[in-house]
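Accompanying notes for the structure given below.
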Amino acid sequence: MEAVAYVDINAPLVERCRLGDRRAQAEIYKRYAKAMFNASLRITGDYAEAEDVLQESFLSAFRELHTYKGDSSFGSWLKRIVINKSINCLRNRRLQLVPLAEQHDGAGADEPVTPGEADDVQWRADVLRRCIQDLPDGYRVVLTLYLLEGYDHGEIATIMNITESTSKSQYSRARKKLLELARQHGL
């Protein structure tokens with residue numbers, strides 16, 4: 019069996035972007051905007067902030083394209099920019115990780131949503147998305163980075179400037195809180 023080298027299908031577009039080709043930049047934006055917006059939205063929890071992060075991320079990516087070495091896919095390089103900018107957005111919002119001793123009593127929780135049809139997958143996905151957005155910022159960021167973006171706790175610790183054990187405990191508490199919220203909303 020012969021080894022096949024990885025070739026980034028976006029390499030020609032990226033090279034044209036390096037040369038300042040606006041059409042190539044528009045094409046890159048078109049290919050990645052939706053996925054990068056969704057990654058930012060999962061972290062920031064705010065539609066307008068995610069839009070701002072998306073725009074800032076693409077501007078930074080195009081401005082700093084000379085630093086992209088091609089040792090990973092362009093998409094993963096761009097995603098790292100989006101995640102870092104999303105976390106910085108939260109920090110600017112004065113991100114506070116939930117203290118380990120804090121207990122949640124569910125006070126002020128919305129009334130459970132009752133579905134018209136329990137098997138409606140779209141309804142369940144929407145409820146779960148809302149439950150994730152209702153998590154405290156620290157919980158939501160760690161859960162999103164670990165579960166949805168695929169980072170390990172060491173990487174999360176580095177990104178968020180916290181310890182690995184804090185990342186693990188935040189993830190554990192986020193899962194418990196998410197289950198609690200999901201039950202309250204009828205899942």
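So the sequence shown is numbered by the numbering used here: it starts at 19 and just counts up by one.
Here a beta-carbon is modelled for each residue, glycine too, at the ideal position from N, C-alpha and C.
At a cut of 8 Å, does the region 149 to 161 reach the region 195 to 204 through at least three beta carbon pairs? yes
Say whether the region 63 to 76 touches the region 89 to 103, bearing in mind that this needs 3 or more beta-carbon pairs closer than 8 Å, one atom from each stretch. yes
Which class does Ser190 belong to by DSSP, given the choice of helix, strand or coil? helix
Applying the criterion that 16 or more other CB atoms from any shown protein chain within 10 Å of the CB defines a buried residue, is Gln140 buried or exposed? exposed
Reducing DSSP to helix, strand and coil, say where Leu205 ends up. coil
Specify the secondary structure class of Asp70 as computed by DSSP and reduced to three states. helix
Alpha-carbon spacing of Lys186 relative to His171, whole angstroms: 6 Å
Measuring alpha carbon to alpha carbon, tell me which residue in Asp39, Thr85 and Trp95 is nearest Asp212. There is simply no residue 212 to check, as the chain begins at 19 and stops at 205 in what is shown.
Taking all protein chains shown into account, do 16 or more other C-beta atoms lie within 10 angstroms of the C-beta of Lys87, making it buried, or fewer, making it exposed? exposed
Spatial neighbours of Glu167 within its chain, please: CB distance less than 7 Å, with the 5 preceding and 5 following residues excluded, ordered by chain position. Ala57 and Ile101
Nearest by alpha-carbon distance to Leu72: which of Glu198, Gly156 and Ser104 is it? Ser104
Could you tell me which of Ala66, Tyr157, Phe92 and Ile177 sits nearest to Arg36, measuring between CA atoms? Phe92
Tyr164 in three-state terms, based on DSSP: helix
Smallest Cα separation from Pro154: which of Ser90, Lys194 and Asp144? Lys194
Given a threshold of 16 other Cβ atoms within 10 Å of its Cβ, counted over all protein chains shown, does Asn106 qualify as buried or as exposed? exposed
Which of the three DSSP states is assigned to Lys87 in this structure? coil
Helix, strand or coil: how does DSSP classify Ile101 here? helix
Spatial neighbours of Phe80 in its chain, beta-carbon cut-off 7 Å, leaving aside the 5 residues before and after: Cys35 and Gln43
Roughly how far, in whole angstroms, is the beta-carbon of Leu59 from the beta-carbon of Ala68, given that I think they are within contact range, below 8 Å? 4 Å
For a test of the three-state rule: what should DSSP assign to Gly172, helix, strand or coil? helix
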